[in-house]
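*Asks:* Before I ask anything, here is the structure I am working with.
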Amino acid sequence: MTGWEAERIDLKGMTLPELERFLSRWGKERYRARQLFRWIYQRFAGDFDGMTDLSKEFRGLLTGSCRISGPAAERVEVSVDGTEKYLFRLEDGEAVESVLIPDDGRRTLCISSQVGCALGCGFCATGAMGFRRDMTSAEIVHQACFAAKRLEGRGERLSNVVFMGMGEPLQNVPEVSRAIEILLSQYGFGLSGKRVTVSTAGIVPEMLRMAERYPVSFAVSVNAPRDELRSHLMPINRKYPLRDLVAAMKRVPLRSGRKVTAEYVLLSGVNDAPEDARALALLFRGSRIKVNLIPFNPHDGGRYAAPGRETADRFREILVGAGIQAITRERRGEDIRAACGQLRGSVHKYGNRTGGSGGVAAGGGAPHSRT
Ligand code: SF4
7 MTGWEAERID LKGMTLPELE RFLSRWGKER YRARQLFRWI YQRFAGDFDG
57 MTDLSKEFRG LLTGSCRISG PAAERVEVSV DGTEKYLFRL EDGEAVESVL
107 IPDDGRRTLC ISSQVGCALG CGFCATGAMG FRRDMTSAEI VHQACFAAKR
157 LEGRGERLSN VVFMGMGEPL QNVPEVSRAI EILLSQYGFG LSGKRVTVST
207 AGIVPEMLRM AERYPVSFAV SVNAPRDELR SHLMPINRKY PLRDLVAAMK
257 RVPLRSGRKV TAEYVLLSGV NDAPEDARAL ALLFRGSRIK VNLIPFNPHD
307 GGRYAAPGRE TADRFREILV GAGIQAITRE RRGEDIRAAC GQLRGSVHKY
357 GNRTGGSGGV AAGGGAPHSR T
């Protein structure tokens, strides 16, 4: 990008009211913002030339002072099971990844919200790289633009978005909120709140605040039924212990029939014993919380292992026997290292890439991840 391009104002990532305010400085009517929104998020325009319902003069004005950011994916990998992984090089040279998971009628995109993560969960590849920076709303929402455009090219539609890639979305609330508004806007992606899921390691106050603001779904990375073990696996537990976390999960306002999902990465010999399952069932008893069990997916440098099938099945059976809805998540995209927890996001700046598949230390995909 040239210096001139960088100086132009990026319209991608603005919410509709922000865009309306921006255009009002030029005396433009509010419906102009809606027109632009449709071009950017429904027709995935990358410039203003083809916006034929805008006057030539207005297009010239926009071209002179604005831009629509949209880095092409530097790498696209496609798994034998149809899962796709996209690597985006950001304008400052950082990189993030997104994963698209086709599943029956659904097309679910798992997006990143931070480059790296500060929370340092012991089993997480993203956590191992540390925190580099927050992503902007433009960078967050562009992942959805890219996937939706790609899907449109083959007559498909993006149906679900999950904030389960790199980073803790509730530590980047302003930018994630703006992205959510664009995803939910009828002039943007037009997704219902049921189809947008925010996955958190358990930032309790922010989860409750966001639940008040947006009708989105939540997935919480729980991973242990006792504070001592959870604090060991997830240091954030020292700040928001299980009692507070589970109370918050029960308080999240739920629309009819909706449940909060508890994500539980099964680590062999660590948190997969029958007594762990029983303790978890006690924690969630009488709630609307459902449990997704995720057998650990190994990644470079990881010190944990996945339990055997029998152990995972037994764990699930104990939960189900106690009246808790529980499923074991099917592994997706393993051959391209796009499975939950395999993604590292440590794509080094300026092309010095290591590890991962095909020379890319795969990004995104924290194990507080996809449902
Ligand atoms: S599991 Fe989520 S919160 Fe924990 S380190 Fe990984 S990305 Fe961060």
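In the working numbering, the protein residues as written are 7 to 377. Using N, Cα and C, we set each Cβ at its ideal position, and we do this for glycine too.
(1) Pro301 bridges to which residues according to DSSP?
(2) Determine the direct distance from the alpha carbon of Leu67 to that of Gly126, and round the result to whole angstroms.
(3) Let's test the definition: count the other Cβ atoms within 10 Å of the Cβ of Leu288 and tell me whether it reaches 16, buried, or not, exposed.
(4) From what residue to what residue does the alpha helix (DSSP H) around Tyr92 run?
(5) The beta strand (DSSP E) spanning Val210 covers which residue range?
(6) Quick one: using the 10 Å Cβ neighbour count with 16 as the cut-off for buried, is Thr114 buried or exposed?
(7) Does any C-beta atom of chain D lie closer than 7 Å to the C-beta of Lys91?
(8) For the segment 38–115, which segments carrying the beta strand (DSSP E) assignment without a break, of at least 3 residues, lie completely within its bounds, in sequence order?
(9) Should the segment 285–304 be called in touch with the segment 313–333, which here means at least 3 C-beta pairs below 8 Å?
(10) So Thr132 is in the beta strand (DSSP E); what residue range does that whole segment cover?
(11) Quick one: give me the first and last residue of the alpha helix (DSSP H) that Thr317 is part of.
(12) Name, in chain order, the residues that DSSP records as bridge partners for Val258.
(13) What did DSSP end up calling Val167 once you bin it into helix, strand or coil?
(14) Drop a sphere of 10 angstroms on the beta-carbon of Trp32, count the other beta-carbons inside from all chains shown, and report buried for 16 or more, exposed for fewer.
(15) Looking at the unbroken alpha helix (DSSP H) that takes in Ser183, where does it start and where does it end?
(16) Taking the alpha carbon of Gly19 as the point to measure from, which residue in Gly136, Asp98, Ser183 has its own alpha carbon closest?
(17) Should Thr114 be listed as close to the ligand SF4, given that the test is whether its C-beta is under 6 Å from any heavy atom?
(18) Around the C-beta of Tyr37, are 16 or more other C-beta atoms found within 10 angstroms, so that it is buried, or is it exposed?
(19) Sort Glu145, Ala134, Ile107 by Cα distance to Ser119 and report the nearest one.
(20) I'd like to check one pair, Ala312 with Pro301: are the Cβ atoms closer than 7 Å?
(21) Would you mind working out which of Val121, Gln177, Pro280 sits nearest Pro211, comparing C-alpha positions?
(22) Under a three-way DSSP split, which group does Gln149 fall into?
(23) Among the candidates Leu272, Leu164, Tyr220, whose CA atom is the shortest distance from the CA of Arg112?
(24) Do the segment 234–253 and the segment 135–142 touch if we need at least three Cβ pairs shorter than 8 Å?
(25) Could you work out which residue in Arg139, Glu218, Ile46 is closest to Phe152 when comparing CA atoms only?
(26) Out of curiosity, what's the CA-to-CA distance linking Ala131 and Gly70?
(27) With a CB to CB cut of under 6 Å and the five nearest residues on each side skipped, what residues in its chain are close to Ser143?
(28) According to DSSP, is Gly351 helix, strand or coil?
*Replies:* According to the structure data:
(1) Counted from its first residue, the sequence shown places residue 301 at position 295. Answer is Leu272.
(2) Counting from 1 along the sequence shown, the entry for residue 126 is found at position 120. Counting from 1 along the sequence shown, the entry for residue 67 is found at position 61. If you take the alpha carbons of Gly126 and Leu67, they lie about 46 Å apart.
(3) As a working note, residue 288 is residue 282 in the sequence shown. With fewer than 16 Cβ atoms within 10 Å of its Cβ, Leu288 is classed as exposed.
(4) As a first step, residue 92 is located in the sequence shown; it is residue number 86 there, counting from the start. Where Tyr92 is concerned, there is no enclosing alpha helix (DSSP H), although the beta strand (DSSP E) it sits in stretches over 90–95.
(5) The count along the sequence shown starts at 1 and reaches residue 210 at position 204. Careful: Val210 lies outside any beta strand (DSSP E), inside the alpha helix (DSSP H) at 210–219.
(6) As a working mapping, residue 114 is identified with position 108 in the sequence shown. By the 10 Å Cβ count, Thr114 comes out buried.
(7) Of the protein chains in this structure there is only one, and it is not chain D.
(8) If we require 3 residues or more, the beta strand (DSSP E) runs fully inside the segment 38–115 come out as 79–84, 90–95, 101–109.
(9) Judged by Cβ distances under 8 Å, the segment 285–304 makes contact with the segment 313–333, as three or more pairs qualify.
(10) Position 126 of the sequence shown, counted from the start, is the residue given in the question as residue 132. From DSSP, Thr132 is part of no beta strand (DSSP E) but of the alpha helix (DSSP H) over 131–134.
(11) Along the sequence shown, one-based indexing puts residue 317 at 311. Thr317 -> alpha helix (DSSP H) spans 315–327.
(12) As a working mapping, residue 258 is identified with position 252 in the sequence shown. Partner residues in a beta bridge of Val258, as assigned by DSSP, do not exist.
(13) Here residue 167 refers to the residue found at position 161 of the sequence shown. The three-state secondary structure of Val167, taken from DSSP, is strand.
(14) Stepping through the sequence shown from its first residue, residue 32 is reached at position 26. The residue is exposed, with fewer than 16 neighbouring Cβ atoms inside 10 Å.
(15) The residue you call residue 183 lines up with position 177 of the sequence shown. According to the DSSP assignment, Ser183 belongs to the alpha helix (DSSP H) that extends over 179–190.
(16) Taking the first residue of the sequence shown as position 1, residue 19 is located at position 13. Its Cα nearest to that of Gly19, the residue Ser183 stands out among Gly136, Asp98, Ser183.
(17) Looking up residue 114 in the sequence shown gives position 108. Thr114: no, Cβ never under 6 Å from the ligand SF4.
(18) The residue given as residue 37 occupies position 31 in the sequence shown. Tyr37 is classed as exposed because its beta carbon has fewer than 16 other beta carbons within 10 Å across all chains shown.
(19) Within the sequence shown, numbered from 1, the residue matching residue 119 stands at position 113. The option with the nearest alpha carbon to Ser119 is Glu145.
(20) Here the question's residue 301 lines up with position 295 in the sequence shown. Here the question's residue 312 lines up with position 306 in the sequence shown. Taking 7 Å as the Cβ cut-off, Pro301 and Ala312 qualify as a contacting pair.
(21) The sequence position of residue 211 within the sequence shown is 205, counting from 1. The shortest C-alpha separation from Pro211 is found at Gln177.
(22) For the purposes of this step, residue 149 is taken as residue 143 along the sequence shown, with counting starting at 1. Correct three-state label for Gln149: helix.
(23) As a first step, residue 112 must be located in the sequence shown, where it is residue number 106. Closest option to Arg112, Cα to Cα, is Leu164.
(24) With the cut-off at 8 Å, the segment 234–253 and the segment 135–142 do not touch.
(25) By one-based count along the sequence shown, residue 152 stands at place 146. The shortest C-alpha separation from Phe152 is found at Ile46.
(26) Along the sequence shown, one-based indexing puts residue 131 at 125. Along the sequence shown, one-based indexing puts residue 70 at 64. Each residue's alpha carbon lies about 42 Å from the other.
(27) The residue you call residue 143 lines up with position 137 of the sequence shown. Setting aside the 5 residues that flank it on each side, Ser143 is surrounded in the same chain by Gly19, Glu181, Arg184, Ala185, each with a C-beta closer than 6 Å to its C-beta; the list follows chain order.
(28) Translated into positions along the sequence shown, residue 351 becomes position 345. Any reading at Gly351 is ruled out, since the residue's pLDDT is 49, under 50, leaving its predicted position unreliable.
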